[in-house]
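Engineer: Quick one: the structure is below, questions incoming.
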Amino acid sequence: MENKKTNLTENTYNEESIRVLEGLEAVRLRPAMYIGDTGERGLHHLINEVVDNSIDEALAGYCKNIIVTLHSDGACSIKDDGRGIPTGMHPVEKRSTLEVVLCTLHAGGKFDHNSYKVSGGLHGVGVSCVNALSSFFEATVEREGKIFQQSYSEGIPKGDVKIIGKSSKTGTTIKFIPDKTIFDTVEFKYSKVAERLRELAFLNPQVKITLRDEREEIEEVFHYKGGLKDFVNYVDASNTTISKPIIISGKDEETNTEVEICFQYNTGYNEVTLTYVNNIHTIEGGTHLSGFRGALTKTLNTYIEKNTKTKVSLIGEDFREGITAVISVKTPFPQFEGQTKTKLGNSEVETVVRQITSAKLQEYLDAYPSEAKIIIDKAVKAAEARLASKKARELVRRKNALESSTLPGKLADCSSNNPDECELYIVEGNSAGGSAKQGRDRRFQAILPLRGKVLNVQKANPTRILENEEIKMMITAIGAGFSTKPNYDDDDEENNNNDKEKEFDVDKTRYGKIIIMADADVDGAHIRTLLLTFFFNYMRDLITKGKLYIAQPPLYKIKYGKTEKYAYDEEQRQQIVNELRREKSGGKNVEVIESTEEENEITEETPEQPKRRDGIVISRFKGLGEMNPEQLWSTTMDPENRTLLKVTVEDANNAVILFQTLMGDSVPPRREFIERNAQYARLDI
Ligand code: 0RA
């Protein structure tokens, strides 16, 4: 507060601008209110916020290229070739419009007349929020033959807008360093940035987005001229597709709503439908999704009635088995609802999507009867399997009801009966399960060891999933039933109410926390992803109600004499080594010598024969099974010490996309892909 006042007087601001500064001050006081949180997600939100503004320029038809650079000094810059933020005198504020846009809360919207805007959407808080939360912020604008520049700190201009050169181009470059007093971490993750940029590139084929990481010297260009068709192919990359992609597009003039949809079928059983409104991922679906689903069911059923002799009666989910779809809607006044405000509420959009889909799909089926046949055959098979598996499901459910008192033999249950305090650890491997059973606090911690690989739920036939022993054990142990289809589509009521089965009831779970505990390696990441997919498909409310967690076992043990410490990543390992050295020198704050690469390399070291000059022994935990019960308790299970990662819907959704790309039929790219994303799987899911 103190130095901001100094700043104010220095810059001789009038009262009007003080009011404005108080606006941005609110952002610094309650950052989470504006950007969701101040963790990794909030941090990356800063980049997305700026990029969204460039995308808005693209939607308005002006911007074709966006370059995002992660600089070595911790800065991020976003350069676009849009019109450039206006720099002239603002008629009301009596200072440069550039300054007004970047230093006033919610100023952006007043100036532009685009009908569709990403920014200002979900968390759309404006670039000024990014400015407020940056220790350094610099805007460079090319416009009207000149290059303008202004810098800021914590949202306050460091001087006036300056003309620093000439240019015949137009565009905006924003460069900022996130304020480390606001964020838990200020390190941008390449994969997290790349994920959103790739998505935006699929959704906006007219834009070429380049991502450069100067820290690692990597560059990737995202430019997909095929748009949604490329997106669907990307998601379906390792599956065997059986139909050609169907592209549906249209515009409703009355509501000024644009619809673009692409979908295709694969040999699998899962439905993956990604939905977007004005480039915002609507994780909870909404009216665009139900409009599409309704039209798909109705149009295909009508086609069957007219053109085939099929006797089986088909319901919505039959037509969605093995479908991969992307729905992108652009509409001027989106209403976001739902728990995470990612569910589209506009009822007129449902009608528009329904009408456009019905008309275009009908045309397509009539034009390509052989494609129509592939889809109908697939749906009929799905219906037959559904009817057959209904018996199996009923059996599992009945058995479950009977056996709810007989918990699985492998489950080491806890003694407390109060679900709120109880935790279920689902542990990979029998030996780790053994350590967990011995190390746990049996009063409130239950252990369920799973052997081997859990069934690949994405690829497996629904009947086989429920016959799987590990899956059955999990269902019984959790004790709240299961849903056979994702239950976020509560508005898809047209057809399957007659087949309503008892759904997963999150209030009945026997544990307040379900914790997945797997190795911190590639195989562990694989198992985590498999389990996440299972929970996402069959017990989604565990995730939406925040009951699903991932345990984080340490990667390293650092030993010096009798002292043992644990590190969860390399940076922490080095930090601990440095601390131990300091301790060793009698607590004196000695200069810390960076250890050599060789010293840090951990091979077959033993306490007897330490490799390091300083006698510090570092060992890598290869798996949970290597830890003894006490170690497992103190590092990974003790509520006082452990770190649990809560699984969120967005995470689980990303896992599903990742999974769909991973678990298809084509095996070779898989390993490489998992390895590349091991970090992602370990930390972000
Ligand atoms: C206000 C008005 C106009 C454009 C922008 C802001 C703008 C903001 C950002 C942020 C990053 N890139 C951007 N590009 C443009 C309209 C400009 C006009 O009417 O000339």
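Residues in the sequence shown are numbered consecutively from 21, following my numbering. For glycine and all other residues, C-beta sits at the position ideal for the given N, C-alpha and C. Computed from a prediction, not measured in an experiment: that's the story for all the values here.
1) Any contact of the stretch 345-355 with the stretch 281-294, i.e. 3+ C-beta pairs under 8 Å?
2) Using a threshold of 7 Å, is the CB atom of P111 nearer than that to any non-hydrogen atom of the ligand 0RA?
3) If you draw a straight line from the C-alpha of V150 to the C-alpha of P198, how long is it?
4) Using beta-carbon positions only, say whether K457 and A432 come within less than 8 Å of one another.
5) Along the chain, where does the alpha helix (DSSP H) that runs through C149 open and close?
6) Could you tell me the alpha carbon to alpha carbon distance between K84 and R232, rounded to whole angstroms?
7) Going along the chain, which residues of its own chain have a beta-carbon closer than 7 Å to the beta-carbon of N321, five neighbours each way excluded?
8) Can you give, in chain order, each stretch of the beta strand (DSSP E) that sits fully within the stretch 90-129 and has at least 3 residues?
9) Could you tell me the alpha carbon to alpha carbon distance between E670 and I303, rounded to whole angstroms?
10) Can you confirm whether K492, when its beta carbon is compared against all beta carbons of chain C, has any partner nearer than 8 Å?
11) By Cβ distance, which residues of its chain are closer than 7 Å to K228, with the 5 residues on each side in sequence left out?
12) Taking the CB atoms as reference points, tell me whether Y586 and T655 lie closer together than 8 Å.
13) May I ask which residues mark the beginning and end of the alpha helix (DSSP H) holding P482?
14) Report the three-state DSSP secondary structure of N517 (helix, strand or coil).
15) Heavy atom of the ligand ADP less than 7 Å from the Cβ of D100, yes or no?
16) Go ahead and label Q170 buried or exposed: buried means 16 or more other beta carbons lie within 10 angstroms of its beta carbon, across all protein chains shown.
17) According to DSSP, which residues form a beta bridge with K533?
18) Specify the secondary structure class of N85 as computed by DSSP and reduced to three states.
19) Exposed or buried, R471, counting other C-beta atoms within 10 Å across all chains shown (16 or more means buried)?
20) Could you compute how far the alpha carbon of K249 sits from the alpha carbon of D180?
21) Alpha carbon to alpha carbon, how far is G358 from Y388?
22) Should E357 be listed as close to the ligand 0RA, given that the test is whether its C-beta is under 7 Å from any heavy atom?
23) For the 8 Å Cβ check, are there 3 or more pairs between the stretch 65-73 and the stretch 204-223?
24) Quick check: is any heavy atom of the ligand 0RA less than 7 Å from the C-beta of E77?
25) Taking 7 Å as the cut-off, is the CB of T160 close to at least one heavy atom of the ligand 0RA?
26) Is I596 helix, strand or coil when you go by DSSP?
27) What distance in whole Å lies between the Cβ atoms of G544 and F524, which are believed to be in contact at a cut-off of 8 Å?
28) From the DSSP output, which residues share a beta bridge with N286?
29) At a threshold of 7 Å, does V70 count as lining the ligand 0RA (C-beta to nearest heavy atom)?
30) So for S269, helix, strand or coil by DSSP?
31) Work out the CA separation of I396 and G288 for me, nearest whole Å.
32) Please return the same chain residues whose Cβ sits closer than 7 Å to the Cβ of E119, not counting the five positions on each side in sequence.
33) By DSSP, does Y254 sit in helix, in strand, or in coil?
34) Between the alpha carbons of L49 and T504, how many angstroms are there, rounded?
35) Using the rule of at least 16 other Cβ atoms within 10 Å of the residue's Cβ for burial, across every protein chain shown, is N661 buried or exposed?
36) Tell me whether the stretch 94-110 and the stretch 192-212 touch, counting them as touching only if at least three CB pairs, one residue from each stretch, are closer than 8 Å.
Structural biologist: Reading from the atomic positions:
1) Remark: three or more beta-carbon pairs, one from each stretch, lie closer than 8 Å, so the stretch 345-355 and the stretch 281-294 are flagged as touching.
2) Not so, every heavy atom of the ligand 0RA lies at least 7 Å from the Cβ.
3) About 8 Å.
4) In this structure, A432 lies closer than 8 Å to K457 by Cβ.
5) C149: member of the alpha helix (DSSP H) spanning V147 to A152, first to last residue.
6) If I take the Cα positions, the gap works out to 17 Å.
7) If we look at N321 and ignore the five residues flanking it on each side, its Cβ neighbours are L334.
8) Entirely contained in the stretch 90-129, the beta strand (DSSP E) runs reaching 3 residues are, in chain order, 96-100.
9) Their backbone Cα atoms lie some 7 Å apart in a straight line.
10) This model lacks chain C altogether; it includes just one protein chain.
11) If we look at K228 and ignore the five residues flanking it on each side, its Cβ neighbours are K84, N85, V241 and H243.
12) Taking 8 Å as the Cβ cut-off, Y586 and T655 qualify as a contacting pair.
13) Note, P482: alpha helix (DSSP H), P482 to E487.
14) Reliability fails at N517, whose pLDDT of 42 lies under 50, so the model's placement of it is uncertain and the value that follows must be treated cautiously. Helix.
15) For the ligand ADP, the structure offers nothing, since it holds only the ligand 0RA.
16) With 16 or more other Cβ atoms within 10 Å, it is buried.
17) Its beta-bridge partners are E443.
18) N85 falls in the strand class under three-state DSSP.
19) Under this definition R471 is an exposed residue.
20) Inter-residue distance for K249 and D180 is about 47 Å (C-alpha atoms, whole angstroms).
21) C-alpha separation (whole angstroms): 39 Å.
22) Checking every heavy atom of the ligand 0RA against the Cβ of E357, none is found closer than 7 Å.
23) Contact holds: three or more Cβ-Cβ distances are below 8 Å.
24) Indeed, a heavy atom of the ligand 0RA lies less than 7 Å from the Cβ.
25) Incorrect: T160 has no Cβ contact closer than 7 Å to the ligand 0RA.
26) If DSSP states are grouped into helix, strand and coil, I596 belongs with the helices.
27) Wrong, their Cβ atoms sit about 26 Å apart, outside the cutoff.
28) Paired residue(s): T261.
29) Checking every heavy atom of the ligand 0RA against the Cβ of V70, one is found closer than 7 Å.
30) In the structure shown, S269 falls within a strand segment according to DSSP collapsed to helix, strand and coil.
31) C-alpha separation (whole angstroms): 15 Å.
32) Cβ within range, chain order: Q170, P177 and V181.
33) Y254: helix per DSSP, three-state reduction.
34) Take the alpha-carbon of L49 and the one of T504: they are about 45 Å apart.
35) Result: exposed.
36) Output reads yes: the stretch 192-212 touches the stretch 94-110.
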